[in-house]
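From first to last, the protein sequence lines stand for chains F and X.
Counted from 1, the first sequence has number 160 at position 161 by our numbering; the numbering is strictly sequential.
Counted from 1, the second sequence has number 57 at position 58 by our numbering; the numbering is strictly sequential.
Virtual Cβ for every residue (Gly too), placed ideally from N, Cα, C.
In this text the structure is predicted, and so the values were computed from the model without any measurement.
There are 2 protein chains.
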Amino acid sequence: MIVVGVDIGGTKSLAVRMNDAEVVEESRVELDRSLSALDAISRSVDSVLNDEVEAVGVGIAGLVRQGDGTFLWGPHVLGSNLQIRTEMSDRFGMPVHVDNDANTAAIAELRLGAARGHSDALFVSLGTGIGGAVIINGSLYRGGSFAGEWGHVQVDRDGLLCDCGKRGCWETLASGPALVRLAREVVSVNPDSSIARLLGSSRITGEAVVAAADAGDEIARALVTDVGRAFGQGLANLVAIFDPEIIIVGGGLGSVGESIVGPARRVLIDAVYGGKVRVPPTVRVAELGPAAGAIGAALQAAGEVR
Amino acid sequence: MIVVGVDIGGTKSLAVRMNDAEVVEESRVELDRSLSALDAISRSVDSVLNDEVEAVGVGIAGLVRQGDGTFLWGPHVLGSNLQIRTEMSDRFGMPVHVDNDANTAAIAELRLGAARGHSDALFVSLGTGIGGAVIINGSLYRGGSFAGEWGHVQVDRDGLLCDCGKRGCWETLASGPALVRLAREVVSVNPDSSIARLLGSSRITGEAVVAAADAGDEIARALVTDVGRAFGQGLANLVAIFDPEIIIVGGGLGSVGESIVGPARRVLIDAVYGGKVRVPPTVRVAELGPAAGAIGAALQAAGEVR
Chain F
0 MIVVGVDIGG TKSLAVRMND AEVVEESRVE LDRSLSALDA ISRSVDSVLN
50 DEVEAVGVGI AGLVRQGDGT FLWGPHVLGS NLQIRTEMSD RFGMPVHVDN
100 DANTAAIAEL RLGAARGHSD ALFVSLGTGI GGAVIINGSL YRGGSFAGEW
150 GHVQVDRDGL LCDCGKRGCW ETLASGPALV RLAREVVSVN PDSSIARLLG
200 SSRITGEAVV AAADAGDEIA RALVTDVGRA FGQGLANLVA IFDPEIIIVG
250 GGLGSVGESI VGPARRVLID AVYGGKVRVP PTVRVAELGP AAGAIGAALQ
300 AAGEVR
Chain X
0 MIVVGVDIGG TKSLAVRMND AEVVEESRVE LDRSLSALDA ISRSVDSVLN
50 DEVEAVGVGI AGLVRQGDGT FLWGPHVLGS NLQIRTEMSD RFGMPVHVDN
100 DANTAAIAEL RLGAARGHSD ALFVSLGTGI GGAVIINGSL YRGGSFAGEW
150 GHVQVDRDGL LCDCGKRGCW ETLASGPALV RLAREVVSVN PDSSIARLLG
200 SSRITGEAVV AAADAGDEIA RALVTDVGRA FGQGLANLVA IFDPEIIIVG
250 GGLGSVGESI VGPARRVLID AVYGGKVRVP PTVRVAELGP AAGAIGAALQ
300 AAGEVR
């Protein structure tokens, strides 16, 4: 079966066309902020559409109501109350499945990636924020609709303001923007430091800080480790809550691998409640890379047709 | 079927003998700290045992390994690595089921109490600490073994030291001991305050502070509200994670009802991520009172025989 999956972020989208479990085309679209979110989704679908496509899946960052495929709200996406399923079904004349982007990425990792062979797993997406998904008995556990929004667990009562408007959410300490904030701080305090010279005068990005760390810069490495430790502390919270066998770490920052996940894994052992008597979970980096969200959306779309 | 259930705390235990779903005898035993934990369990079972009893269930505060019914460790209980199931089966010559006390209380509330008729629910026990249980599809979700230990989610990075040895766990802010700590602080700063006169010179307990609040003392009410709000903030974290339909609040302090649960419920609406678009969960006080843990243990014991 030929299906399309798209993953819609705040500033870009990624689309795939799949033939059963195989990606046959992939396309990255920069989203023009002047486009409505629905037009952005359409454009992204169009970029890989052909006559053989039978269904479309959409993953989007934020709260999606499963019942009617409506995107309700998300702090990183413009627009709210978007009736994506209805609108896209009308535009493309085929079944459309809509889900939270962490859910779609988790489905992809479960079927084709790092969670293959597990019936229970947590998927934690670390990027602009922290999202996630709970896999129980081989399926997504959604609760009422929005389970897995643990990026907004408050871990620091008087902490930094979060994009969601609350203070001290986990993602204020562990995310791409958190890493950028730390790097900016160092660069502004010490413009002659090695990291300042490495990052230069251009806009600092999380990727650039990780690259500097991986290239051996000690300061960059300390910052990445700091974010990795804050990430691991939050994983310890999830372990106290779920006692999972395996945690898959994905997302733009999570996918960079050991420079972030290593410190998280190490802090987890010490930070978790009952660490001495627990079997610590396996913490594994996602395997499908940035396309996971789109791939999972496509797999869900295929499920709509079967 | 006639079965016995016991709930073992740090300083006291509660035992019930049940005939199917009906409690026919109940007994409260103060635990002498000189007794070994296994002898304390035996004594508690003995207090309601008769010749018709076919099985024994044990609920205990801490980490229990389901596979072999071993109590591994808990911050509020003396002893660790207790092979309760094996030892008690030998002593009483009948099947023994061992579980975490919040799990047993949740089972009781699910079958006979406030969660009746729900297939998915969170049970949150608020007392000396915070424990809990996850009900999914009508059964306990245990993860590897120890799911629901959310009292040890770190909500305040530089916060107070917890009984578990870590800092800023949810239960450092929301628990009986947290309420006592606040009351002591007020009384020591202002020994002429109304609450100081109400509580007198005897040892301050959480129950006494709640009683003073319910009797109309404004300061006591403010303290109980403060703990209730910290409790509600943590519930908001659980809602972001599970998006549950219903949360049952039990335990010694949780069971006092609206003076604690009211402020928690109110703060939840404002503190939860995506509160505007979420259907807020029902937060209901447990119905079975302090015997819930023992009743659930008995129900699990009956399941061992059937």
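Handout entry: Test: E148/X CB closer than 9 Å to a CB of chain C
Key = The chain labelled as chain C is not found among the protein chains of the depicted structure, namely F and X.
Exercise for the section: Could you have a look at A120/F and say whether DSSP puts it in helix, strand or coil? Expected result: Note: A120/F maps to strand in three-state DSSP.
Practice task
May I ask you to list the residues that DSSP assigns as paired with W169/F?
Solution key: Answer by DSSP bridge pairing: none, since W169/F is not bridged.
Practice task
Name, going along the chain, the residues of the segment 122 to 145 of chain F whose beta-carbon falls closer than 9 Å to a beta-carbon of chain X.
Solution key: Listed in sequence order: G131, V133, I135, N136, Y140, R141, G142, G143, S144 and F145.
Practice task
Output, in chain order, the set of chain F residues within a Cβ distance shorter than 7 Å of N236/X.
Solution key: V152 and Q153, listed in chain order.
Exercise for the section: Return no unless some Cβ of chain X is closer than 9 Å to the Cβ of Q232/F. Expected result: For Q232/F, the answer is yes, since a Cβ of chain X falls inside 9 Å of its Cβ.
Handout entry: Residues near G9/X in its chain [Cβ-Cβ closer than 6 Å; skip 5 each side]
Key = The residues are H75 and V76.
Problem - Contact with chain X by K275/F, beta-carbon distance below 9 Å - result: K275/F counts as touching chain X.
Handout entry: F241/X at chain F interface by Cβ criterion, 9 Å
Key = Flagged as an interface residue toward chain F: F241/X, by a C-beta distance shorter than 9 Å.
Handout entry: Reduced DSSP category for L267/F - H, G, I as helix; E, B as strand; rest coil
Key = Helix.
Problem - Span separating the alpha-carbon of G253/X from that of T171/X - result: Approximately 15 Å, taken between the alpha carbons.
Problem - At least three beta-carbon pairs within less than 8 Å, the segment 226 to 245 of chain F to the segment 154 to 171 of chain F - result: Short answer: they touch.
Problem - Any chain F beta carbon closer than 9 Å to D67/X - result: By this cut-off, D67/X is not an interface position.
Exercise for the section: Note down the Cα distance separating T281/F from E244/F, rounded to an integer number of angstroms. Expected result: If I take the Cα positions, the gap works out to 6 Å.
Problem - G131/X beta carbon less than 9 Å from that of G295/X - result: The Cβ atoms of G295/X and G131/X lie no closer than 9 Å to each other.
Practice task
Report the three-state DSSP secondary structure of T103/F (helix, strand or coil).
Solution key: Under the three-state reduction of DSSP, T103/F is assigned to helix.
Handout entry: Residues that DSSP places opposite M93/X in a beta bridge
Key = Note: M93/X sits in no beta bridge, so no partner.
Exercise for the section: Out of A36/F, G126/F and L121/F, point me to the one whose CA is closest to R84/F's CA. Expected result: Ranking A36/F, G126/F and L121/F by Cα distance to R84/F puts A36/F first.
Handout entry: Cβ neighbour criterion (16 or more within 10 Å) applied to I259/X
Key = By the beta-carbon neighbour count (other beta carbons within 10 angstroms, threshold 16), I259/X is buried.
Practice task
Examine chain X for any beta-carbon lying closer than 9 Å to the beta-carbon of D216/F, and answer yes or no.
Solution key: Not flagged as an interface residue toward chain X: D216/F, since no C-beta distance is shorter than 9 Å.
Exercise for the section: For the segment 243 to 270 of chain X, enumerate the residues whose C-beta is nearer than 8 Å to any C-beta of chain F, in chain order. Expected result: Correct list: P243, E244 and A270.
Practice task
Report yes if the CB atom of G231/X is closer than 9 Å to the CB atom of R265/X, and no otherwise.
Solution key: Their beta carbons are under 9 Å apart, which means G231/X touches R265/X by this criterion.
Practice task
With A214/X as the anchor, note down where its beta strand (DSSP E) starts and where it stops.
Solution key: No residue range can be given for A214/X, since it is assigned to no beta strand (DSSP E) and is classified by DSSP as neither H nor E.
Exercise for the section: Using a Cβ-Cβ cut-off of 9 Å, state whether R156/F counts as contacting chain X. Expected result: Nearest CB-CB separation between R156/F and chain X: below the 9 Å threshold.
Practice task
Taking C-beta pairs closer than 9 Å, name the residues in chain X that L222/F reaches, listed in chain order.
Solution key: Neighbours of L222/F across chain X, judged by C-beta separation under 9 Å, do not exist; the nearest C-beta is about 18 Å away.
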